[in-house]
Amino acid sequence: MSELNTLCIKLGVNCFKDNEYQFLHEYCTAMKPLTAVLDILQGDCPYGTLLPKLEVLMQKTLAVKDALSRMTAGLPDAMVQVAETSHTSALKENTNARGKTYNRVETESTDTT
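Residues in the sequence shown are numbered from 1 upward in steps of one, following full-length UniProt numbering.
Next comes the structure, spelled out in structure tokens:
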């Protein structure tokens, strides 16, 4: 954080407060799984990799939830909800085919068979 404050002083702007720095750090932590998946999907990859990557994204996103404070604790749930809402039919078909469900309360997949 001292490097960031040094840069702010050189630029003549207000320095970050501790809670602002904590928010940025937690935001980056919560967004890291998403950025990794987007990086992979932007490359030359077959369409069939989308659903497995979404499943991994949801698992990893919910796994980091415990490490977040109240400031960013809702971010993983919101990201998973968007993924579920955007790809509901495909996820349901895949869930039925593989016999797995994702419980948003727990961070692991569970077998339903």
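A virtual CB, placed ideally from N, CA and C, is assigned to each residue, including glycine.
The structure presented is a predicted model; accordingly, all values stated were derived computationally and were not measured.
- prompt: With DSSP run on the structure shown, which of helix, strand or coil describes residue 15?
  reply: coil
For residue 35, the three-state DSSP class (helix, strand or coil): helix
task: For residue 83, collect the residues of the same chain with a Cβ closer than 7 Å to its Cβ; drop the 5 residues on either side in sequence, then sort them by chain order.
output: 54, 57 and 58
task: Could you tell me the distance, in whole angstroms, from the CA atom of residue 1 to the CA atom of residue 52?
output: 36 Å
message: My output table needs one value for residue 85: the three-state DSSP class, helix, strand or coil.
response: helix
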